[in-house]
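Only one structure is covered here, and it is reproduced in the block below.
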Amino acid sequence: VVGARRDGHLYTVRGRHLRQGRGTGDASNQFSIYTPIVVERRPEIDRFVNGYLTSDRMQLEELLEKREEFRTTLEPILAREGLPVDLINIALLESGFNPNIRSNQGAVGLWQFVANTARSYGLRVSRGVDERRDIAKSTEAAALHFTELYEEFEDWSLVIAAYNCGSTALRRAVQAGGT
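If you count by our numbering, then the sequence shown holds residues 541 to 719, one letter each, in order.
Written as structure tokens, this is what we have:
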């Protein structure tokens with residue numbers, strides 16, 4: 541959890557989530573993980589957060605209200621897949637919870653899937669049908685994507701980075717950085 545104190549400084553709390561198997565009921569497929577999604581303190585981040593806490597506060601409050609509206613649909617899907625329910629904040633950041641939003645790169649919906657990625661997770665994308673706009677179906681697809689990314693990177697910060705830039709780009713960056 542990331543928050544801000546009254547003095548505007550960021551703080552982070554490391555959470556612990558129980559991740560369960562993919563609905564198989566197999567007890568051997570259960571394990572606990574820590575989800576240390578830590579925000580590094582930097583002046584650029586502080587300015588961004590302070591903006592939301594001051595001049596953009598109304599926009600932030602509207603987004604948080606929308607998050608509460610979507611929580612009842614999104615959280616059960618993520619929880620059923622054993623994922624941290626805090627991942628709904630990715631939809632907040634990606635789309636502002638607007639299922640009809642479209643990026644300049646052609647990403648659509650709450651989770652901002654490009655057509656090829658959407659299709660790879662079973663969503664129909666054609667002239668007549670675009671399931672990236674379907675809240676439940678796109679969240680199911682996002683849950684599968686998060687699960688695959690976690691199986692590859694085993695670190696929630698890396699999963700979120702890979703969700704944003706793609707796993708190939710992240711792997712290259714990790715290799716280039718020697719980490």
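All C-beta atoms in this analysis are idealised placements derived from N, C-alpha and C, irrespective of residue type, glycine included.
Expected contact under 8 Å - CB spacing of residue i and residue j to nearest Å
i    : j    : result
R672 : L684 : Not quite, the Cβ-Cβ distance comes to about 14 Å (not below 8 Å), so this is no contact.
S635 : G649 : 7 Å
A655 : V665 : 5 Å
A631 : L614 : 7 Å
I628 : R642 : Going by Cβ atoms, the distance from I628 to R642 rounds to 20 Å, so no, they are not a contact pair.
Where the alpha helix (DSSP H) through residue i begins and ends
i    : result
V714 : S707 to G717
F637 : From DSSP, F637 is part of no alpha helix (DSSP H); its letter is neither H nor E.
E608 : R597 to R620
Y690 : I675 to F693
Y592 : P583 to L593
Local Cβ density within 10 Å of residue i, reported as buried at 16 or more and exposed below that
i    : result
Q715 : exposed
S678 : buried
P616 : exposed
L689 : buried
P583 : exposed
L604 : exposed
A709 : exposed
Q599 : exposed
L588 : The sequence as given places Phe at residue 588; Leu does not occur at that position. With fewer than 16 other Cβ atoms within 10 Å, it is exposed.
G717 : exposed
Check: residue i C-beta below 8 Å from any heavy atom of the ligand PLP
i    : result
W696 : The ligand PLP is absent from the structure shown, which contains no ligand whatsoever.
Strand pairing of residue i, partner residues [DSSP]
i    : result
D626 : Partner(s): none; D626 has no beta bridge.
F653 : V648
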